[in-house]
Every structure is written in C-alpha cells, then in structure tokens.
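What follows is a set of notes on a single structure, which appears directly below.
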Amino acid sequence: MDPKALPYKPNPKAPRQVLPVLPPKVRAKSWEEVALGFTEQDVAIEAQRCLQCPKPACINACPLHIDVKRFIRRLAEGDAQGAVDVISEQSPFPGVCGRVCQHELFCEDACLIGKKFGPVAIGSLERFAADHARLAVTETTPGAAPQPTGKKVALVGSGPASLIAAYDLVRKNYRVTVFEALHRLGGVLAYGIPNFRLPREILHEEITRLENMGVEFVTSFIVGKTASLDELFEEGYEAVFIGTGAGLPFLLGVPGENLLGVYTANEFLTRINLMEAYKFPQAVTPVRVGGRTIVVGGGNSAMDAARWAKRLGSESIVLFRRGRAEMRARLEEIEHAEEEGVQFHFLAAPVALYGDEQGNVREMECIRMELGAPDSSGRPAPVPVKGSEFRIPVDTVVAAIGQAPNPTLQKVTPQLITKRGKIVVNEWGQTSMTHVYAGGDVVRGGSTVILAMRDGRAAAEAIDKALGAERAPEEQAREEVQA
Ligand code: FAD
1 MDPKALPYKP NPKAPRQVLP VLPPKVRAKS WEEVALGFTE QDVAIEAQRC LQCPKPACIN
61 ACPLHIDVKR FIRRLAEGDA QGAVDVISEQ SPFPGVCGRV CQHELFCEDA CLIGKKFGPV
121 AIGSLERFAA DHARLAVTET TPGAAPQPTG KKVALVGSGP ASLIAAYDLV RKNYRVTVFE
181 ALHRLGGVLA YGIPNFRLPR EILHEEITRL ENMGVEFVTS FIVGKTASLD ELFEEGYEAV
241 FIGTGAGLPF LLGVPGENLL GVYTANEFLT RINLMEAYKF PQAVTPVRVG GRTIVVGGGN
301 SAMDAARWAK RLGSESIVLF RRGRAEMRAR LEEIEHAEEE GVQFHFLAAP VALYGDEQGN
361 VREMECIRME LGAPDSSGRP APVPVKGSEF RIPVDTVVAA IGQAPNPTLQ KVTPQLITKR
421 GKIVVNEWGQ TSMTHVYAGG DVVRGGSTVI LAMRDGRAAA EAIDKALGAE RAPEEQAREE
481 VQA
C-alpha cells in the first residue's frame with residue numbers, strides 16, 4: 001500500500017495520550033505489569049500527533065537510528081506488524097525498549113512538537129506495535145533455526161550490548177555464541193529490572209527470536225573462569241565481544257554496613273527478580289524485608305528496589321543526597337513510585353548504621369545536604385550541612401548508589417587495558433587485544449539499555465570489517481548473491 005495515498009492528517013494539538021496503568025492500590029500487592037499499554041484508540045490519536053517531519057530529528061536522536069517517523073506512520077495506518085518490521089531493521093527489542101528505554105532523553109527529547117504540546121509518546125507507540133505484532137509472531141512460530149555458516153564470534157554476557165551484536169552478526173551469517181555466567185539470559189533485563197516493569201515472557205520471546213535466527217546461547221559459563229579468552233580463540237572463535245556489564249555494586253562505606261538486613265540493590269533485586277524471592281516459600285531464596293526499608297540512591301535501581309520493598313509489605317523510603325530534579329531514574333518510574341506510596345527524603349545521605357544485640361540493623365544516622373556547584377556529573381554537588389545529623393529507625397537498608405564493571409574477566413586477562421575497572425576501547429569498541437571488542441556498561445560504567453545497544457552495534461560492525469576483510473572469496477561471492 002502506498003502510504004502517500006492514505007489520508008494522514010497530523011494533529012499535534014491533540015493531547016498526548018496518557019499510558020493506562022494499574023491502579024496504585026492494586027499494584028501495592030501485585031507484581032503484575034504496571035503499565036497496561038495504549039489501546040487502539042489511544043494509538044489512533046497519538047500516532048496522528050506525529051508531524052511526519054521532512055527531516056525528523058527523532059531518528060538521529062535515537063542511538064540505534066530507528067526510523068521513528070516510518071514506524072509511527074505504519075501505526076497510524078493500523079499496521080502494527082509493519083511498524084515492528086520497520087523497528088526490526090535496527091532493533092530486535094521493540095517490546096523491551098518500548099518498556100524500559102529512556103525515551104525522554106533521546107527520541108522524545110528531539111520531537112519537534114515536544115516543546116509546545118508535549119512530545120509524541122514514541123516509547124508507548126513502540127510498545128504497542130511490539131505487543132500487537134507479538135501476538136501474530138506467537139501464532140506463526142518459526143520453524144527450525146537457520147544454520148549460519150560464517151566465521152565464529154563469541155559474545156561474553158547476555159545483556160543488551162551482546163544481544164544486539166548477536167542480532168547484527170547473525171544477520172551477516174556469522175556463527176554466533178553468547179556465553180552467559182548466570183542461568184538466565186538478558187543481563188540486567190533479567191536480574192535487575194522487575195517483572196512489573198518488564199514481564200519475563202516479553203524478554204524471553206525477544207531472545208527466542210534471536211535463537212530462531214541461529215544464535216547459540218550457553219548459560220552458566222563464566223568467561224575468565226570456565227574458559228579464558230585464549231581458550232575461546234583456540235576453540236575457533238575469531239573475534240570476541242565483551243559485554244559483561246557493571247554488576248559490582250558500590251558500597252555505602254559507612255560504619256554498620258555489615259549488619260543483617262543491609263543489602264546492595266544488586267543482591268536485593270537479584271534475589272527477588274532472578275531467584276523469585278517474592279514467591280517465597282515456593283521459591284527457595286528468601287529476601288528479608290522489615291517494617292521500614294530505606295533505599296539509598298536516585299537511579300533506576302533505587303526506584304526498582306523501593307517499589308519491590310513496598311510490594312513486599314514494607315514502608316518504603318528513598319533517601320537521595322540531591323533533589324528530585326537530579327534523579328537519574330526514568331521519569332515514569334519516579335512517578336509510579338510516588339503514586340505507589342514510596343516516600344522520598346531528598347538532600348540527605350547516610351553516615352552510619354546502628355544495630356541491636358542480634359546484629360540486625362535498627363537505625364540509620366543521616367546528614368542533611370545542600371546543593372553546591374556542578375560536579376563532574378554535571379549536576380549540582382551535594383554538600384554536607386555541618387551539625388545537621390539526624391536518625392531514622394529502619395529494618396532493611398538497600399544501597400543503590402551505582403556499580404562498577406564486573407572484574408572477573410579483566411583480572412585474568414592483564415593484556416586488556418582498563419581504567420578504574422572499565423575496559424578501554426576506541427570508538428569502534430576495539431580493546432587493547434586484537435579481535436577483542438567491548439561495549440555497554442563494562443566500558444561506560446552504569447549506563448542505559450539503548451547506549452549499551454549502540455555499543456554492541458558499533459562493535460559488530462567493526463568485527464564484520466575486521467573478519468569480513470579476511471573472508472574466503474567463495475563466502476563473499478555467496479553473500480553477494482544472497483544480497
Ligand atoms: P548487562 O545488562 O549488565 O549484562 C551483562 C551480562 O554479562 C550479565 O548477564 C552478567 O551475568 C554477564 N557476565 C558478567 N561477567 C561475565 C563473564 N565473565 N562471563 C560470562 N558472562 C558474564 N537502563 C535503561 O535504559 N532503562 C531502565 O529502565 C533501566 N533500569 C535499570 C534497573 C536496574 C536495577 C539496573 C541495575 C540498571 C538499569 N538500567 C536501565 C541500566 C541498563 O540495564 C544497563 O545499562 C544495561 O543493561 C547494560 O547492558 P550490558 O549489556 O552492558 O550489561
């Protein structure tokens with residue numbers, strides 16, 4: 001169908017459609033997905049808010065350069081599958097990214113009508129497309145996976161950085177194996193982000209799609225322990241991408257941190273999300289949540305931990321050393337946490353934790369802060385106010401103040417140049433080792449899903465250039481014929 005023939009009447013003045021969500025009272029006792037997604041009627045209005053700009057800034061603002069204009073046009077025409085096909089040219093994860101990408105920092109920030117009428121809800125439209133095409137995909141489950149015949153590439157870690165590299169490489173006929181240390185695939189998408197934000201069946205389906213394309217997955221395999229990088233090369237892998245993420249949590253560094261009931265967000269969320277502690281006693285891994293939980297931090301991990309604590313029956317308080325405007329979490333998660341009754345104490349930081357005779361945490365001593373000149377993060381620095389210490393009773397403490405790269409592989413691979421634990425790479429993700437690339441949080445420190453994906457894509461392109469240049473002539477000829 002020629003889209004130009006269709007009546008498309010942009011209506012940017014229509015109000016931005018509000019994403020329907022479960023009522024906060026229901027959420028407090030449930031781990032069902034909070035956002036319900038747009039209805040067809042919402043989409044009919046929201047898609048028409050797009051101006052279909054001749055030079056759409058949203059496409060360049062998306063780190064993956066998804067053709068936002070074209071997929072929205074498809075949706076406006078009532079063609080969800082067509083919209084997903086457009087997204088899939090660049091991304092294998094419309095369902096995941098439609099839910100967790102920080103659209104407000106990228107495509108929606110660049111949307112032309114945004115300043116005046118509020119940006120087009122690109123994220124919610126992406127999610128709608130994925131969910132509606134998803135049903136179609138489930139009904140026509142693909143047959144046996146194709147068997148790529150190209151060179152072998154190993155991807156270490158199964159987070160978004162490696163997964164998009166796998167997607168790009170398998171589409172170029174490389175034989176791709178993803179090695180994951182944990183027993184489940186997805187990286188933070190599986191162990192960090194709660195299922196009330198990202199249902200696991202969505203993640204599972206989008207990863208299965210990669211499997212159906214011929215990507216091989218090996219779980220419970222720690223590169224650096226189960227096998228070294230050298231051993232992977234000996235096994236015939238001709239390039240390796242390291243996407244091992246940032247799973248080493250920063251500690252609060254205050255006295256009393258070892259008391260019972262004090263967690264890092266990493267442990268707290270892994271126990272709940274990955275080991276399903278919320279189903280205890282059916283699931284064997286418990287998590288201890290007392291009457292009052294204080295979560296320290298202002299990012300996505302802090303919101304996720306605080307919202308879980310609330311769902312597990314605790315009074316939940318977020319303690320953040322700066323103000324609301326400086327929080328790094330997705331805006332939607334902050335708003336949802338507020339609606340759910342999570343309390344926020346801004347401009348305060350812990351200085352000590354005190355316990356009872358059994359070693360359980362009982363009190364947190366905090367100090368008030370005021371905002372000073374911007375620091376290296378570009379945000380106003382928190383400055384302690386002398387003599388402003390105060391105490392709060394507490395039963396559970398969760399430190400969600402950031403994390404550093406997982407160090408296992410770097411420790412046994414001294415040839416990899418690192419800086420403060422992060423692997424050093426050039427703009428193509430090339431490390432100090434030949435045919436070894438890296439990207440995502442292991443290079444950036446804690447970042448975002450979409451930037452990790454951009455790194456994975458850049459590295460896949462560089463790997464293809466490096467290995468493609470060495471391709472056998474007959475292989476190259478066959479690819480040209482297929483193209
Ligand atoms: P990861 O997702 O961390 O995946 C790395 C994988 O490598 C892990 O599965 C790990 O087990 C595996 N691994 C590590 N070492 C080895 C080894 N030696 N051998 C084999 N495997 C190994 N970003 C957003 O954009 N939106 C959000 O809503 C959002 N929410 C977040 C919530 C939480 C709780 C956290 C912690 C982060 C969140 N982020 C969010 C950030 C985002 O998830 C990360 O930036 C992104 O997942 C990084 O992707 P990655 O592929 O680099 O690594």
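Per our numbering, residue 1 is the first one in the sequence shown, and the count goes up by one each step.
For glycine and all other residues, C-beta sits at the position ideal for the given N, C-alpha and C.
Residue range of the unbroken beta strand (DSSP E) whose run includes residue i
i: residue 345; result: 343-346
i: residue 319; result: 315-320
i: residue 371; result: 361-374
i: residue 152; result: 152-156
i: residue 270; result: Careful: residue 270 lies outside any beta strand (DSSP E) and carries neither H nor E.
i: residue 437; result: 436-438
i: residue 383; result: 380-384
i: residue 392; result: 390-393
i: residue 399; result: 396-399
Proximity of residue i and residue j at Cβ, strictly below 8 Å
i: residue 255; j: residue 352; result: yes
i: residue 372; j: residue 243; result: no
i: residue 199; j: residue 33; result: yes
i: residue 170; j: residue 148; result: yes
i: residue 42; j: residue 17; result: yes
i: residue 404; j: residue 268; result: no
i: residue 364; j: residue 382; result: no
i: residue 259; j: residue 355; result: yes
i: residue 176; j: residue 216; result: yes
i: residue 36; j: residue 21; result: yes
i: residue 430; j: residue 462; result: yes
i: residue 97; j: residue 58; result: no
i: residue 160; j: residue 452; result: yes
i: residue 442; j: residue 246; result: yes
i: residue 487; j: residue 201; result: In the structure displayed, the chain extends from 1 to 483; residue 487 sits before or after that span and is not available.
i: residue 466; j: residue 302; result: no
i: residue 181; j: residue 221; result: yes
i: residue 411; j: residue 445; result: no
Close Cβ partners of residue i (< 7 Å) along its chain, the five nearest in sequence each way excluded
i: residue 342; result: 306, 307, 310, 316 and 318
i: residue 12; result: 49, 51, 113 and 117
i: residue 140; result: Residue placement at residue 140 cannot be trusted, given a pLDDT of 45 that sits under 50; the coordinates are not used to answer.
i: residue 2; result: With a pLDDT of only 44 at residue 2, under the threshold of 50, the placement of this residue in the model should not be trusted, and no figure is reported.
i: residue 40; result: none
i: residue 415; result: 432 and 433
i: residue 166; result: 155, 176, 178, 210 and 215
i: residue 448; result: 102
Presumed contact (8 Å Cβ cut-off) between residue i and residue j, rounded CB distance
i: residue 196; j: residue 437; result: In fact, because the Cβ distance is near 34 Å, the residues do not count as touching under 8 Å.
i: residue 14; j: residue 84; result: The Cβ separation is near 24 Å, so there is no contact.
i: residue 158; j: residue 178; result: 5 Å
i: residue 76; j: residue 8; result: 6 Å
i: residue 38; j: residue 128; result: 5 Å
i: residue 55; j: residue 464; result: Not really, about 29 Å apart at Cβ, beyond 8 Å.
Neighbourhood of residue i by C-beta, 6 Å cutoff - its chain only, sequence neighbours within 5 removed
i: residue 312; result: 289
i: residue 299; result: 328 and 329
i: residue 297; result: 400 and 401
i: residue 4; result: Low per-residue confidence applies at residue 4: pLDDT is 47, beneath 50, and the placement is therefore not dependable, though the value from the model is reported in the following sentence. If we look at residue 4 and ignore the five residues flanking it on each side, it has no Cβ neighbours.
i: residue 321; result: 349, 369 and 382
i: residue 264; result: 249 and 399
i: residue 44; result: none
i: residue 397; result: 262, 294 and 361
i: residue 164; result: 453, 456 and 457
i: residue 192; result: 269
i: residue 450; result: 63 and 101
i: residue 190; result: 184
Same chain, Cβ closer than 8 Å to residue i, five either side skipped, listed in chain order
i: residue 236; result: 152
i: residue 434; result: none
i: residue 29; result: 311
Endpoints, alpha helix (DSSP H) assigned at residue i
i: residue 84; result: 80-88
i: residue 110; result: 107-110
i: residue 58; result: 57-61
i: residue 463; result: 449-468
i: residue 409; result: 408-411
i: residue 242; result: Segment 237-242 is the beta strand (DSSP E) holding residue 242; no alpha helix (DSSP H) there.
i: residue 311; result: 300-311
i: residue 174; result: First-last for residue 174: undefined, no H or E at that position.
i: residue 217; result: No alpha helix (DSSP H) contains residue 217, which is instead part of the beta strand (DSSP E) from 216-218.
i: residue 200; result: 200-212
Distance cut-off 7 Å: residue i Cβ against heavy atoms of the ligand MN
i: residue 358; result: Summarising the ligand content, the structure contains the ligand FAD and does not contain the ligand MN.
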